[in-house]
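Asker: After the structure tokens below, expect a handful of questions from me.
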Amino acid sequence: MTIDPRIAIIGGGPGGLMLARLLHLRGLAPVVFERDADADARPQGGSLDLHSDTGQHAMRAAGLEDAFRTHARPEDQGDRLYDADGTLLFDRDGAGDDRPEIDRSALRRILLESVPPGMVRWNSGVEAIRLGDAGHMVVSAAGAEAFDVVVGADGGWSQVRALLGDARPRYEGAVFVELGFDTRRHPQVDALVGAGKMFAVGDNRALIGQRNGNGHIRGYAGWRIDEADARALGAMPPEAMRAAALAEFEGWSPVLRDMIVSGDPLGVRPLYALPIGHRWASVAGVTLLGDAAHLMSPFAGEGVNLALADAVDLAAALTSGAGWPAVARYEAAMIARAVPAAQAAARGMAAVLSGAGAAPMLDHYRARLGG
Ligand SMILES: Cc1cc2nc3c(=O)[nH]c(=O)nc-3n(C[C@H](O)[C@H](O)[C@H](O)COP(=O)(O)OP(=O)(O)OC[C@H]3O[C@@H](n4cnc5c(N)ncnc54)[C@H](O)[C@@H]3O)c2cc1C
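Quick note, the sequence shown lines up with residues 25 to 395 if you use the working numbering.
Now the structure itself:
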């Protein structure tokens, strides 16, 4: 007789929830510790495109393809590029592409509804993990509980990662100010964005607009800035943050600057990444997936796709019957898979926030998408 392993998943983001779903399908009952008070505790952020061989593959493996198709927006796969004067340099509607968008909130809801009630423990921020006689003790406000396996799905600032080494995310030298738009209130932004995503790029600065579901558009004003100044920006009241962003885009086309003037300021995101190829010596009973293992800047659009694919592979390893060596093999393959994505994110950031204006982005679009 074998006894099912006691598995703690720290973090109920896309990666942690996907792992919970897949283990549930295999008859296991992991516990998901999630810091958020409930499913609606904070806005989940923008739209994500799921790629065929990673994100969509995971949704199929989890039996959630129909739910995904119901909420996905294949019509929003277009790309536009403007320069700082507002000249449209590249415009492609993305029809026929296979990277449909889905709102992050919809994806989280699908995953949450796919696991039994109670599998996710809300309001359960993990404060520490200690090795005890009975296994790995996961400490939260509710007390300490023993598990055989602890999975760090707790994002870029993972606590679980600290059990496996001292790697920390490094500041990437750039910040995003996030802006919210409603297509009815902001028809000019609606017209700029087109069928999917727009970038306006010039002189180490970028304005980005991304169509979300339900008539929403999420915008980002991004530029290069010291870490301390980025943090100071994050502490500013919204109108001061808007004024600081506007000052950065002095001289840009009024149509583009209007995104900063009229958008609802939603927050500030300094960008961080783990060293490319971050790895660790495998430790029985503790592993990582998603951003906890390979946080990267969002410029490759791969982060959530990798997190979901990691969950598929880790679920297979944990249920293979081959013990921890199977998990160690999962770790090696996961790390190798993330390297080209992280390299693409670094190249993407260099192209978007470039001293050479829009030319590198235009070259990138032409090489990748034609036109
Ligand atoms: C601006 C921006 C745009 C992006 N756009 C894209 C995109 O278009 N495509 C794409 O593929 N990726 C994108 N990403 C990246 C993507 O969001 C991440 O890669 C993805 O969310 C990683 O999923 P995860 O489950 O590993 O971690 P997360 O989504 O970070 O989830 C971690 C969870 O752990 C919880 N948690 C953390 N600490 C604890 C604790 N101690 N105890 C309990 N719970 C804890 C958190 O509350 C959270 O719910 C973007 C990221 C940013 C910042």
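Note that CB positions come from ideal geometry on N, CA and C, so glycine has one too.
All figures in this text were calculated on a predicted structure; none of them were measured in a lab.
Taking only runs of the alpha helix (DSSP H) that begin and end inside the stretch 83-142, which ones reach a length of at least 4 residues, in chain order?
Answerer: DSSP runs (the alpha helix (DSSP H)) wholly in the stretch 83-142: 89-95, 128-137.
Asker: For L257 and Q367, I'd like the C-alpha separation in whole angstroms.
Answerer: Spanning the two alpha carbons is a distance of roughly 28 Å.
Asker: What residue ranges within the stretch 144-225 form continuous alpha helix (DSSP H) runs of no fewer than 4 residues, ordered along the chain?
Answerer: Listed in chain order, the complete alpha helix (DSSP H) runs (minimum 4 residues) inside the stretch 144-225 are 211-217.
Asker: State buried or exposed for P289, treating a residue as buried only when at least 16 other CB atoms are found within 10 Å of its CB.
Answerer: When all chains shown are included, P289 counts as buried.
Asker: Taking only the alpha-carbon atoms, compute the straight-line gap between D227 and G381 and give it to the nearest angstrom.
Answerer: Answer to the nearest angstrom: the Cα atoms are 5 Å apart.
Asker: Sorted by chain position, which residues of the same chain lie with C-beta nearer than 6 Å to G79's C-beta, five sequence neighbours on each side aside?
Answerer: Excluding positions up to five away in sequence, the list reads N329, L332.
Asker: Is it the case that the CB of F57 approaches a heavy atom of ligand 1 more closely than 8 Å?
Answerer: Answer for F57: yes, Cβ within range of ligand 1.
Asker: With burial defined as no fewer than 16 other Cβ atoms inside 10 Å of the residue's Cβ, what is the status of D190: buried or exposed?
Answerer: Classification of D190: exposed, given that the 10 Å Cβ count is below 16.
Asker: Exposed or buried, what is G287 when buried is set at 16 or more other beta-carbons lying within 10 Å of its beta-carbon?
Answerer: With 16 or more Cβ atoms within 10 Å of its Cβ, G287 is classed as buried.
Asker: Does the beta carbon of A177 fall short of 8 Å from some heavy atom of ligand 1?
Answerer: Yes - ligand 1 has a heavy atom lying nearer than 8 Å to the Cβ of A177.
Asker: Express the C-alpha separation of H75 and A324 in angstroms, rounding to a whole number.
Answerer: One C-alpha to the other measures close to 12 Å.
Asker: Looking at C-alpha atoms only, which residue of A166, H81, S164, M222 is the closest neighbour of G123?
Answerer: One point to set straight first is that residue 123 is Arg, not Gly, in the sequence displayed. Per the Cα distances, H81.
Asker: Run through DSSP, which three-state label would P67 get?
Answerer: P67: coil per DSSP, three-state reduction.
Asker: Which residue comes first and which comes last in the alpha helix (DSSP H) that contains D253?
Answerer: Per DSSP, D253 belongs to the alpha helix (DSSP H) from 251-258.
Asker: Answer yes or no: do I126 and D73 have a C-beta to C-beta separation smaller than 9 Å?
Answerer: Yes, they are a contact pair.
Asker: Would you decide whether N238 is buried or exposed? Buried here means 16 or more other CB atoms lie within 10 Å of its CB.
Answerer: Looking at its Cβ environment, which holds fewer than 16 other Cβ atoms inside 10 Å, N238 is exposed.
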